[in-house]
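So my numbering is basically just the index in the sequence shown, starting at one, shifted up by 14. Ideal placement from N, C-alpha and C gives every residue a C-beta, glycine not left out.
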Amino acid sequence: MNAVIATGGLSPESPQAFTDQERPVPAPDTHDLLVKVAAAGMNPVDTKVFARLEQGVQRVLGWDAVGEVVAVGPQAGPFTPGQRVFYAGDLTRDGSNAEFQLVDARIAALAPSNLSNAEAAVMPLTSITAWEGVFDRLGFVAAPGANQGSSLLVIGGAGGVGSMIIQLAAWAGITVAATAGRPNSAQWCKELGASVVIGRDNIPARLKDAGLPQTDAIFCTTHAADHWAAMAEVINPQGSVCLIDDPSGPLDITLFKPKCARICWEFMFTRSLFHTHDMARQGQILDSVARMVEAGTLRTTLADTLAGLSANTVRQAHMRQSSETMVGKQVIVF
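Below you can see the structure in the form of structure tokens.
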């Protein structure tokens, strides 16, 4: 099979950073599905893992995919060959930048029947991150309209994760405010269900002007350090703040002490990384997401498509992702 290999210690623009390589098709283990990948989504984790690879270290990247099951392990649950599945994968295993990939059946689900491969492939990682963050970490109720009167500020509303947070929160009856840096980003957030969209700077003043001076919860998807003081100012007493990015230095959590605010992390790879007892919860989340997509409650966040699995298309995707100007998500269709 063809696989695109990333090599550490190089810039993504380098011709040697991503190369095509023939590899044997892997065989499924106990809980595995062997999937013939049809499309692979692109996420910030791809560029982060690539940037952290040591000089000369090689990996197959890619954490989002849709494809056809071609073989199953002896304990792969209800899945059978021929089914179309989608999943976010596992940080410890080879990724979806390959023609075939192994994935634990417990973190996969049948793909939405009404979406194309491209539309489905961009959804798993961001959907799981958003669902776990909004409902498992921040504690909102995962039911339609169940959180009336509650408010949530999404910092970075137009990105892949932010786009799913807005949709899920709006579905759950939460009043959503989102930050956006450009007019097209702001319009995108409104279309997804944000009631209030503000600029990324001077958040307290902008929220106050919009009639929402404080918020019950904050989901910060990007540049937490830059917004740290602002978040401490606008969070309600006994509110909750969820973080997903990697701050470059220490953060002063005492800013949140007077309000007794709770700070929590969301990292969607935790369950697969540590094989937690509830690892199968991610497959259940994806199943719920698929049914909501089929019902028209959620929409894909696909924004850009690249054609064909190759070192060149993977390189292009990394360079676009690194620009931090994406609205929605990009995908490589094989």
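Can you give me the C-alpha to C-alpha distance between residue i and residue j, rounded to a whole angstrom?
i: D318; j: T327; result: 12 Å
i: A135; j: P272; result: 43 Å
i: E133; j: R313; result: 9 Å
i: Q72; j: T189; result: 44 Å
i: A219; j: P227; result: 8 Å
i: A90; j: V99; result: 13 Å
i: L287; j: R107; result: 10 Å
i: N216; j: A244; result: 8 Å
i: H237; j: T94; result: 42 Å
i: V347; j: Q115; result: 15 Å
i: S164; j: V210; result: 14 Å
i: A192; j: G174; result: 13 Å
i: D118; j: L124; result: 13 Å
i: D223; j: G213; result: 12 Å
i: S141; j: V303; result: 7 Å
i: W10; j: R329; result: Given that the chain is displayed from residue 15 to residue 348, the structure contains no residue 10 and the question cannot be resolved.
i: V332; j: D60; result: The sequence given here places His at residue 332; Val does not occur at that position. Cα to Cα, H332 sits roughly 7 Å from D60.
i: V148; j: E205; result: 19 Å
i: I249; j: F270; result: 9 Å
i: I169; j: D259; result: 11 Å
Looking at the secondary structure, which residues open and close the beta strand (DSSP E) in which residue i lies?
i: K271; result: Premise fails: K271 is in no beta strand (DSSP E) and is neither H nor E.
i: I212; result: V210 to I212
i: D230; result: T229 to C234
i: I169; result: S165 to I169
i: A191; result: T189 to T193
Could you pull the DSSP bridge partners for residue i from this structure?
i: I346; result: A54 and L320
i: D118; result: D46
i: A365; result: Since the displayed the chain opens at 15 and closes at 348, residue 365 lies outside it and no answer follows.
i: C278; result: C256
i: V80; result: A53 and F100
i: R107; result: DSSP lists no partner for R107.
i: D34; result: V18
i: V73; result: The residue you asked about is not Val; residue 73 is Arg in the sequence shown. For R73, which the question treats as bridged, DSSP gives the partners A20.
i: I249; result: T229
i: L124; result: V99
i: V59; result: Answer is none; V59 lacks a bridge partner.
i: A160; result: Answer is none; A160 lacks a bridge partner.
Apart from the five residues on each side of it in sequence, which residues of its chain come closer than 6 Å, Cβ to Cβ, to residue i?
i: S199; result: A172 and V341
i: G87; result: P42, D43, T44, H45 and D46
i: A184; result: V190 and G207
i: A85; result: P42 and L48
Among residues of its own chain, excluding the 5 on either side of residue i, which ones have a beta-carbon nearer than 7 Å to its beta-carbon?
i: G22; result: L67, E68, Q69, G70 and V71
i: G96; result: E82 and V83
i: V51; result: A79, G81, S110, A112, E113, F114, Q115 and F348
i: N57; result: W77, D78, L139 and G174
i: L24; result: Q30 and A31
Since residue i and residue j are thought to touch, with beta carbons under 8 Å apart, how far apart are those beta carbons, to the nearest angstrom?
i: A179; j: A231; result: In the sequence under discussion, the amino acid at residue 179 is Ile, which differs from the Ala named in the question. Rounded, the Cβ-Cβ distance is 11 Å, inconsistent with contact.
i: L166; j: T229; result: 6 Å
i: R285; j: R295; result: 7 Å
i: V74; j: G103; result: Contact doesn't hold; Cβ gap of about 10 Å is too wide.
i: C274; j: Q252; result: 5 Å
i: A53; j: V345; result: 5 Å
i: F233; j: C256; result: 5 Å
i: P40; j: S336; result: Not confirmed; about 29 Å, so no contact.
Note down, in chain order, each residue of its chain lying with its Cβ closer than 8 Å to the Cβ of residue i, except the 5 sequence neighbours on either side.
i: D34; result: N16, A17, V18, I19, S324 and A325
i: G263; result: A239
i: Q162; result: G187
Would you say residue i faces chain C, with C-beta separation under 7 Å as the test?
i: A79; result: The displayed structure is made up of one protein chain only, and chain C is not part of it.
I'd like the span of the alpha helix (DSSP H) that includes residue i, first residue to last.
i: F93; result: Per DSSP, F93 belongs to no alpha helix (DSSP H) and is neither H nor E.
i: L287; result: T284 to F288
i: L129; result: Counting along the chain, L129 falls outside any alpha helix (DSSP H), and DSSP gives it neither H nor E.
i: T143; result: P138 to W145
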